[in-house]
Amino acid sequence: MTLFRGLRQGDHLRTTARKDVQQELPEREQRGMRIAATCKLTKKGQVWLVPSQSGHGRYTVSPDPEAPHCTCPDHETRGLKCKHLFAIEFAMKREQHSDGSTTVTQTVTVTETVTKPTYPQDWPAYNAAQTHEKDKFLSLLHDLCSGIPMPPATRGRPKILLADALFAACFKVYSTFSGRRFMSDLRDAHEKEYIRAVPHYNSILNYLENPMLTPILRGLITEASLPLKVVEADFAVDSSGFTTSRFIRWFDHKYGIVRTTTRVGEGPSDVWGQDERGHGG
């Protein structure tokens, strides 16, 4: 019984050892692939010099198909195919032919220089357009807004002209300033007689929240784009600046929660300004 028990234990140990070797080979192959890709392998005659991954010395590898050999402790001790032998196999990539000749496949990196087309720039015209842009904008905006009729009068305090309100709202967004900082530009526009009166900055923000202005603004955009019809046929979908909705998320540090809201494009505020949301009016 003792003899049979010992034989069974020996068979179990041999089976376990074979399983360990089968599991190690794929790992060694992957390590060899990594060595071939990242290390410098030097060929000297029929052998190769492979640097140690620990950084100490090199190993001599003989990729003889009948008797491959490596001087690393792993191969000399266990007699198994080590990662250095796998690395040389990946590096050589030899293709044997029927006539006995050998083709060595090497990886070659080809760098292609692509020359992008360039177009001449009319710098005098470009500079003139940039330096006179604001003047042209105010003149065109005034012409667009001058034809807007005033709605029927109602009781209460007299309202500012709708044309002035639209001019101020559009000009405010163009300036990218907050409502208070924008007042200097608006007073300058009044001196140039683009508007009849200077509205309060709160009045401008109130008009930005008025949904009644949305169809008027869309009409102004259409009217302003008509001269470009003969020049350009395709426009970006966001070139007008209009949006239909806006999803906003922020973290409330006071209460420690994440808040979300969706702004539907019912009024021109989603098109023209954000001061009413606390961004420095």
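Sequential numbering of the sequence shown, starting at 62, is according to this note's numbering. The beta-carbon is built from N, C-alpha and C at its ideal position, and this holds for glycine as well.
Legend entry - Cα-Cα separation between Arg248 and Val259, rounded to whole angstroms: Walking along the sequence shown from the start, residue 248 turns up at place 187. Walking along the sequence shown from the start, residue 259 turns up at place 198. Distance between the alpha carbons of Arg248 and Val259 is about 6 Å.
Inset, instruction - Please state whether DSSP places Asp313 in a helix, a strand or coil. - result: Within the sequence shown, residue 313 is the residue found at index 252, counting from 1. In the structure shown, Asp313 sits in a strand (DSSP, three-state: E or B).
Inset, instruction - Taking only heavy atoms of the ligand FAD into account, decide whether any of them is closer than 6 Å to the Cβ of Ile309. - result: Here there are no bound small molecules, and the ligand FAD is not part of this structure.
Inset, instruction - Have a look at the DSSP bridge pairing and note the partners of Arg320. - result: Here residue 320 refers to the residue found at position 259 when the sequence shown is read from its first residue. BP columns for Arg320 point to Trp311.
Legend entry - Residue closest to Thr121, alpha-carbon to alpha-carbon, out of Ser115, Lys105, Pro272, Lys195: Residue numbering aside, residue 121 sits at position 60 when the sequence shown is read from its first letter. Closest by alpha carbon: Lys105.
Legend entry - Backbone CA spacing between Leu287 and His193 [nearest angstrom]: For this step, residue 287 is matched to residue 226 along the sequence shown. For this step, residue 193 is matched to residue 132 along the sequence shown. In this model, Leu287 and His193 are separated by some 22 Å (Cα to Cα).
Legend entry - Cα-Cα separation, Gly118 to Asp135: Walking along the sequence shown from the start, residue 118 turns up at place 57. Walking along the sequence shown from the start, residue 135 turns up at place 74. About 15 Å.
Inset, instruction - Starting from the C-beta of Val319, find all residues in its chain whose C-beta is less than 7 Å away, skip the five residues before and the five after it, and write them out in chain order. - result: Your numbering for residue 319 matches position 258 in the sequence shown. Beyond the five residues adjoining it in sequence on each side, Val319 comes within less than 7 Å, by CB distance, of Arg310, Phe312 in the same chain, given in chain order.
Inset, instruction - Flag this pair as yes or no: are the beta carbons of Thr151 and Arg89 separated by less than 7 Å? - result: Numbered from its first residue, the sequence shown carries residue 151 at position 90. Numbered from its first residue, the sequence shown carries residue 89 at position 28. Inspection of the sequence shows that residue 151 is occupied by Phe rather than by Thr. In terms of Cβ geometry, Phe151 and Arg89 do not form a close pair [threshold 7 Å].
Legend entry - For Val108, the nearest candidate out of Met94, Ile96, Gln114, Ala128 (CA to CA): Position 47 of the sequence shown, counting from 1, holds the residue named residue 108. When C-alpha distances from Val108 are compared across Met94, Ile96, Gln114, Ala128, the shortest belongs to Ala128.
Inset, instruction - Whole angstroms is fine: what's the gap from Phe243's alpha carbon to Thr174's? - result: Looking up residue 243 in the sequence shown gives position 182. Looking up residue 174 in the sequence shown gives position 113. C-alpha of Phe243 to C-alpha of Thr174: approximately 49 Å in a straight line.
Inset, instruction - For the beta strand (DSSP E) containing Ser123, list its first residue and its last residue. - result: For the purposes of this step, residue 123 is taken as the residue at position 62 of the sequence shown. Where Ser123 is concerned, the enclosing beta strand (DSSP E) stretches over 119-123.
Inset, instruction - Using the Cα positions of Val291 and Arg216, report the straight-line distance between them to the nearest angstrom. - result: Stepping through the sequence shown from its first residue, residue 291 is reached at position 230. Stepping through the sequence shown from its first residue, residue 216 is reached at position 155. When rounded, the distance between both Cα atoms is 46 Å.
Inset, instruction - Determine the burial state of Phe232: buried for a count of at least 16 other Cβ atoms within 10 Å of its Cβ, exposed for fewer. - result: Translated into positions along the sequence shown, residue 232 becomes position 171. Classification of Phe232: buried, given that the 10 Å Cβ count is 16 or more.
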